[in-house]
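Worksheet: the structure to be examined is printed underneath.
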Amino acid sequence: MSANTERKLADGSTISDLIDLERREVQLRTLADREIYEIEQDKIFGKTWLLLGHESEIPDDGNFIQRFMGDDSVIVARHKGEVFVSLNVCPHRGMKITTQDAGSTSIHKCIYHGWAFRSNGEFLGSPVADQCMHGKIRGKDELGLQQARVTLYGGLIFATWNIDGPSFEDFLGDAKWYYDMLFCRSDGGMVVAGPPQRFVVRANWKAAGEQSAADGFHTLMLHRWLGEVGNYKKDDGESGDLTPEMFGAEVSSPHGHALRCIDLNRKIRRLTGKDPEELSVEEKLRVLPPPGMTADAFTQLKKNLSPEQLEAMAWMPPQVGGMFPNVLFGFVYIPQADGSVVGSMTLHAYVPKGPDKLEFINWIFVEKDTPPELREKMVMQTIQLFGTSGMVEQDDSDTWPHMTLTAKGPQGRHSTMKYQAIYETGKPEGWPGPGIVNEGFTKDDTQWHWWKYWHALMTAE
């Protein structure tokens, strides 16, 4: 869409005026503008697939959780084995059907006038049945709760209001090949280690969202303490250097998804004392299994993944990255003081709560058959690093509010965020996976693809 046919903002500018596609710059104003936020509710959160939770949060019929798709509250419920996502708005007078974060019931009853609904959103009736207080103008089949389109992927619950839009598989595109290595690799699948942690950050959701698109570079400064206390070592054994962790392969997506695939060879060399090139794929995966798995889980990996995916898993597996628009994953291998490695499995969602506020939701996962001792270590480590009081998230959640505040200034709002560190490499030699892949030190390409997709959606007719 050309700029002269785009919707005009209140000051006469357009979305395309705020993003320079040639110079790869985005005006800071995008992080604080109320008008832009309102457009995003329709163009982004009304059109894309959104992560709402995991099916292990609602294992039994009648179980439900309340989550948000943008500004819209929804009820995520299990009914006769299936998962349904219903708009949490009574079609009678607009009251919320449930005000609880989670619970279990076969019938949801509005507290205002008592209209009742099944867990799948179907309208049952209103009190004083002989008076027909829901009227006769609309049939009961027209008075149910509005339904979102739902898909389950590796147990994760995604939904969209775009009923006739792209399938979830099309939305993921080539990135699915990599996500399968995280979410579809085991027989039992992953489960939540408990209810998600939640807290509010005074920041625009995009400050967190664009960082989740595999921004590795900030780690060297904002999280530099990890190199000092996290047992990361240089090849000569000296502690305190995270630079080698910035090398690997980064996968970009036209749909804004991003993955950082970090080389495991240094860790495998330390664990075995051998050149990783001398080890088979199976040997490497038994020495350093994926987070939440043990050496004997290799048979499950072999069953559920292709030989090419196994090769990538043993070489440079996806460890951090995101799903557009507002999800970050961290499936990382954390060195321990005794020289061993313990993994962490976490997902974050950054739910918009206004142009200058987001709700940070943090799920901690383990594999269903993760041994109890390993499970305990994983959960504790993940809480300490990535939880609401985690050391990593204390860093990140401090920068996003400052970015949002500077975006409100009369001069600052015209400043630009720059994504000009560009790969010139291409795929690693012999790389087995699909997609837009580049090798080397982390660059800005993945985040720039995030912004390009944001722009495409925001300017679409």
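With the UniProt record's numbering, the residue at position 33 of the sequence shown is 33, and numbering never jumps. Where a beta carbon is used, it is the ideal one built from N, C-alpha and C, also for glycine.
Contact under 7 Å by Cβ, residue i with residue j
| i | j | result |
| --- | --- | --- |
| Ala407 | Leu31 | yes |
| Met190 | Ala249 | no |
| Trp115 | Cys90 | yes |
| Gly343 | Arg260 | no |
| Phe324 | Gly256 | yes |
| residue 465 | Gly53 | No statement about residue 465 is possible, as the shown extent of the chain runs from 1 to 461 and does not include it. |
| Ala314 | Leu285 | yes |
| Glu359 | Val192 | no |
| Leu264 | Leu279 | no |
| Gly440 | Thr459 | no |
| Thr416 | Gln27 | yes |
| Gln197 | Thr388 | yes |
| Ser106 | Asn63 | no |
Alpha-carbon spacing of residue i relative to residue j, whole angstroms
| i | j | result |
| --- | --- | --- |
| Ile137 | Cys184 | 47 Å |
| Ala258 | Lys140 | 44 Å |
| Ser397 | Tyr423 | 28 Å |
| Val379 | Val74 | 28 Å |
| Gln309 | Tyr178 | 8 Å |
| Met1 | Leu143 | Unreliable positioning characterises Met1 in this predicted model, as indicated by a pLDDT of 40, which lies under 50. A coordinate reading is not provided. |
| Gln100 | Leu87 | 14 Å |
| residue 463 | Asp180 | Because the chain spans 1 through 461 in this model, residue 463 falls outside it and cannot be assessed. |
| Asp61 | Pro432 | 41 Å |
| residue 464 | Pro244 | The chain is shown from 1 up to 461; residue 464 falls before or after that span and cannot be answered. |
| Val85 | Ala148 | 6 Å |
| Thr160 | Thr151 | 9 Å |
| Arg78 | Phe386 | 29 Å |
| Gly46 | Met221 | 36 Å |
| Trp363 | Gly194 | 8 Å |
| Ala3 | Leu18 | At Ala3 the pLDDT is 42, less than 50, meaning the model places this residue with poor confidence; the figure from the coordinates comes in the next sentence. About 11 Å. |
| Val229 | Lys377 | 17 Å |
| Glu55 | Ile361 | 16 Å |
Local Cβ density within 10 Å of residue i, reported as buried at 16 or more and exposed below that
| i | result |
| --- | --- |
| Lys176 | buried |
| Ser340 | exposed |
| Lys274 | exposed |
| Ala295 | exposed |
| Tyr112 | exposed |
| Met69 | buried |
| Thr382 | buried |
| Ser167 | exposed |
| Asp33 | buried |
| Trp225 | exposed |
| Leu172 | buried |
| Ala129 | exposed |
| Leu21 | exposed |
Among the options, nearest to residue i - alpha-carbon criterion
| i | options | result |
| --- | --- | --- |
| Gly413 | Tyr419, Thr404, Gln420 | It should be noted that the sequence gives Arg, not Gly, for residue 413. Nearest C-alpha to Arg413: Thr404. |
| Lys43 | Ile65, Asp180, Asp71 | Asp71 |
| Lys109 | Gln27, Ala102, Val366, Ile97 | Ile97 |
| Leu182 | Asp338, Ala159, Gly292 | Gly292 |
| Val366 | Ala203, Pro335, Met345 | Met345 |
| Leu301 | Pro318, Val287, Gln319, Glu282 | Glu282 |
| Arg24 | Trp49, Arg7, Ala421 | Ala421 |
| Tyr333 | Leu271, His92, Gly435 | Leu271 |
| Asp241 | Asp356, His455, Gly173, His223 | His223 |
| Leu38 | Glu55, Ile15, Leu51 | In the sequence as presented, Leu is not what sits at residue 38; that position holds Glu. Comparing Cα-Cα distances from Glu38 to each of Glu55, Ile15, Leu51, the minimum goes to Ile15. |
| Asp395 | Ser119, Gln211, Gly103 | Gln211 |
| Glu188 | Val128, Thr5, Asn304, Val201 | According to the sequence displayed, residue 188 carries Gly and not Glu. Cα-wise, what sits closest to Gly188 is Asn304. |
**Study point:** Within the segment 133 to 191, ranges of the alpha helix (DSSP H) (whole runs, at least 4 residues)
**Key:** 168 to 172, 175 to 183
Check your understanding: Which runs of the alpha helix (DSSP H) spanning at least 4 residues fall entirely within the segment 281 to 318, listed in chain order?
Key -> 281 to 287, 298 to 304, 307 to 315
Point to revise | Length-filtered (4 minimum) alpha helix (DSSP H) runs lying within the segment 20 to 104 | key: 34 to 43
Check your understanding: Considering only residues of the segment 355 to 441, which uninterrupted beta strand (DSSP E) runs meet the minimum length of 3 residues and lie entirely inside it, listed in chain order?
Key -> 358 to 367, 416 to 418, 436 to 441
Review point. Fully enclosed by the segment 190 to 261, which beta strand (DSSP E) runs are 3 residues long or longer?
Key: The qualifying runs are 190 to 192, 197 to 201, 247 to 252.
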